[in-house]
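Respectively, the protein sequence lines represent chains A and B.
39 is the number that our numbering gives to position 46 of the first sequence; each next residue is one higher, with no gaps.
Counting the second sequence from 1 gives a position; our numbering is that position plus 369.
All C-beta atoms, glycine included, are put in the ideal place defined by N, C-alpha and C.
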Amino acid sequence: MAKITYIDSEGTERVVEAQNGETVMEAAIKNSIPGIDADCGGACACATCHVYVDQAFMDKVGEQEEMEKSMLDFAENVQENSRLSCQITVSEDLDGLKVTTPESQH
Amino acid sequence: MDLTDAKRIVVIGGGQAAAQAIQSLRMGGYTGELTLVGEEPALPYQRPPLSKAYMKGEFAEERLYFKPAAWYADNNVELVLSTRAIAINRTHRKVELEHGGHLDYDALIIATGSRPRGLPIDGADLEHVYALRGLADVERIRPQMVAGRSILIVGAGYIGLEAAAVAQQMGLKTTVLEMAPRVLARVTSPVMSEFYETEHRRQGVDIRTETSLSKLEGKGGAVTAAQLSDGTKLGADIVLVGIGILPNEELAKDAGIACNNGILVDRDARTSDPRIFAAGDCASRPLVHFGRAGRLESVHNAIEQGKLAAAAILGKPRPNEDCPWFWSDQYDLKLQIAGLSAGYDQIVVRGSPEDRKFAAFYLKNGTLIAVDAINSPPEFLASKKLIMSGAKLSADILADTSISMKEIATNTVAA
């Protein structure tokens, strides 16, 4: 289990208890976190679950794979801490993770 | 018709379109009664993984659910599961349920999906002959998917080929039969068909095109062999039929709602009855960027029409009608499709199929109408924008891998 804080583009924080093994995207969808669409359900096919990862966790969320990297290249307002949340798997290490959602996923 | 005073909304179906409509209605501020009637016992769930990771047993059923059970309770959505809607009484605005009883509605969304086309041959009713559409199908198929057994897949569409990839990876002896001269003949170009045939054969799948099934034979009620149109007899422990789907439009048709290979809807997903909407596989919609109407069997379409129906009921502005898109996962190949390629007059290949990373662009009169992108997200994502822009594109530029897709998209759309 890990506590994850989702911060929307206006600064509102929502805290969720995420289960080990699910993705940061799934925990968001289950808990109706606004700002994450995830149309493809986690297949890394649609690039609509873009988040910005808190710098303190950048080395804990794992490396990007090639597919994710090239998907993100086309997302709006990409930053160096941009990730697709369907590609980050929750573990104890991510307890306290903060991610910020962009203004729009399209 | 203004439905903003609707107090009772009923959604028939438990798939992607139904789940989206429910969510959009609640997120859009609808506070009245909201009931979902679904035939299956499970909470509304995602179907795409059924022929992919879920079939392999890589994750639990709960991960397929769009929302956990608590969400429906928290959002005051009544779930009537394991229940078939058997009739729509439009005069009295009631949906009749199979176990007796009915639901009254002010607005109704039909999201009944589709069903697999049956196999019209002898032996189709033998045990271990399956279709692949729902969770219950996977529950039946999975225990049979044992390494060393032989599986015969009938139909080389996306479902058939995805299942073939899974079966092959699980160590089954896998054969795919296709009536047409090439795989994916109904949905894509010869370039892509050849690529997938080569890939599946390299992986060890026996692909037989221009071959159909004449009959299935069994022993003790279970399938043991298949008789093919070319006279060959093949041993088979499992037969999986994936020869297309049919829209579940009968409920609408019987109620006098206009249908024609799907329930006919307008751009707001509204049927010929202004209180009734249809969304997802069961609906035939205007394809505004392609100048025709048709059914789309896809996640994108189900989500979009769910949103369109909810917005129309709530009297909100019509959500974006995006470029249609699809995906298919086979082995380590991710195919992403944007647009609809039917009617193309030119194919441009960017990259090389041998690299297992390339794209086929489809143009009509110099305008991009679709792309099939293998392990190539930039080609897919840029094409979604290019297709919507309707801009003219040169084949030379599209094929030139020294120019990035980002540059092509920026220069073309801005021009």
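Using a C-beta to C-beta distance shorter than 8 Å, which residues of chain B count as neighbours of residue i?
i, result
"Lys23/A", "Lys436, Pro437, Trp440"
"Glu19/A", "Arg432"
Note down, in chain order, every chain A residue with its Cβ under 7 Å from the Cβ of residue i.
i, result
"Ile672/B", "Asp32"
"Gln513/B", "By Cβ distance, chain A contributes nothing, its closest Cβ being about 25 Å from Gln513/B, past 7 Å."
Taking C-beta pairs closer than 8 Å, name the residues in chain A that residue i reaches, listed in chain order.
i, result
"Ala751/B", "Phe67"
Verify the CB distance criterion: does residue i have a CB-CB separation below 8 Å to chain A?
i, result
"Asp769/B", "no"
"Gln705/B", "yes"
"Asp698/B", "yes"
"Glu413/B", "The sequence given here has Pro at residue 413/B, not Glu. No, because no Cβ of chain A sits closer than 8 Å to the Cβ of Pro413/B."
"Gly417/B", "Position check: residue 417/B holds Pro in this sequence, whereas Gly was assumed. Chain A, which has a Cβ nearer than 8 Å to the Cβ of Pro417/B, makes this yes."
Using a C-beta cutoff of 8 Å, does residue i count as contacting chain B?
i, result
"Ser63/A", "yes"
At 9 Å on the CB atoms, spell out the chain B contacts of residue i, in chain order.
i, result
"Met60/A", "Lys703, Asn744, Pro746"
Any heavy atom of the ligand SAM within a distance shorter than 7 Å of the CB on residue i?
i, result
"Tyr399/B", "For the structure depicted, the ligand SAM is absent and the ligand set is empty, with no information on it obtainable."
Does the segment 479 to 489 of chain B touch the segment 645 to 656 of chain B, meaning 3 or more C-beta pairs lie closer than 8 Å?
-> yes
In chain order, what residues of the segment 32 to 47 of chain A put their CB closer than 9 Å to some CB of chain B?
-> Asp32, Cys33, Gly34, Gly35, Ala36, Cys37, Ala38, Cys39, Ala40
Whole beta strand (DSSP E) runs in the segment 513 to 551 of chain B with 3 or more residues, listed along the chain?
-> 519 to 523, 542 to 546
Is it a yes or a no for the segment 700 to 713 of chain B touching the segment 727 to 746 of chain B, going by three-plus beta-carbon pairs under 8 Å?
-> yes
The segment 621 to 641 of chain B in contact with the segment 667 to 681 of chain B per 3-pair CB rule at 8 Å = yes
Touching by the beta-carbon criterion (3+ pairs, under 8 Å), the segment 58 to 72 of chain A and the segment 431 to 446 of chain B = no
Output, in sequence order along the chain, the residues in the segment 656 to 668 of chain B whose CB is closer than 7 Å to any CB in chain A.
-> Val668
Touching or not, the segment 518 to 527 of chain B and the segment 654 to 663 of chain B, by the rule of three or more beta carbon pairs under 8 Å?
-> no
Is the segment 370 to 382 of chain B in contact with the segment 420 to 428 of chain B, if contact means three or more CB pairs nearer than 8 Å?
-> no
Taking contact to mean at least 3 C-beta pairs separated by less than 8 Å, is the segment 551 to 568 of chain B in contact with the segment 737 to 746 of chain B?
-> yes
Pairing CB atoms from the segment 527 to 536 of chain B with CB atoms from the segment 590 to 600 of chain B, are three or more of them under 8 Å?
-> no
4 or more residues per run - each alpha helix (DSSP H) lying fully within the segment 384 to 463 of chain B | 385 to 396, 438 to 443
Are three or more beta carbon pairs between the segment 491 to 499 of chain B and the segment 396 to 409 of chain B nearer than 8 Å?
-> no
May I have a chain-ordered list of the alpha helix (DSSP H) segments no shorter than 4 residues that lie completely inside the segment 607 to 639 of chain B?
-> 619 to 623
Do the segment 542 to 549 of chain B and the segment 621 to 636 of chain B make contact, defined as three or more Cβ pairs closer than 8 Å?
-> no
Would you call the segment 456 to 474 of chain B and the segment 74 to 91 of chain A in contact, with 3 or more CB pairs under 8 Å?
-> no
Is the number of C-beta pairs between the segment 424 to 433 of chain B and the segment 381 to 388 of chain B that are closer than 8 Å three or more?
-> no
Identify every run of the beta strand (DSSP E) within the segment -2 to 45 of chain A, keeping only runs that are complete inside it and at least 3 residues long; order them along the chain.
-> 6 to 11
Ordered list of beta strand (DSSP E) runs contained in the segment 651 to 694 of chain B, each at least 3 residues | 652 to 656, 661 to 663
Taking 8 Å as the threshold, find out whether the segment 1 to 13 of chain A comes into contact with the segment 42 to 62 of chain A through three or more Cβ pairs.
-> no
Run through the segment 713 to 779 of chain B for me and flag every whole beta strand (DSSP E) of 3 or more residues, listed as ranges in chain order.
-> 715 to 721, 726 to 733, 736 to 743
So, do the segment 21 to 31 of chain A and the segment 55 to 69 of chain A have three or more beta carbon pairs nearer to each other than 8 Å?
-> no
Inspect the CB distances between the segment 694 to 705 of chain B and the segment 485 to 497 of chain B and report whether three or more fall short of 8 Å.
-> no
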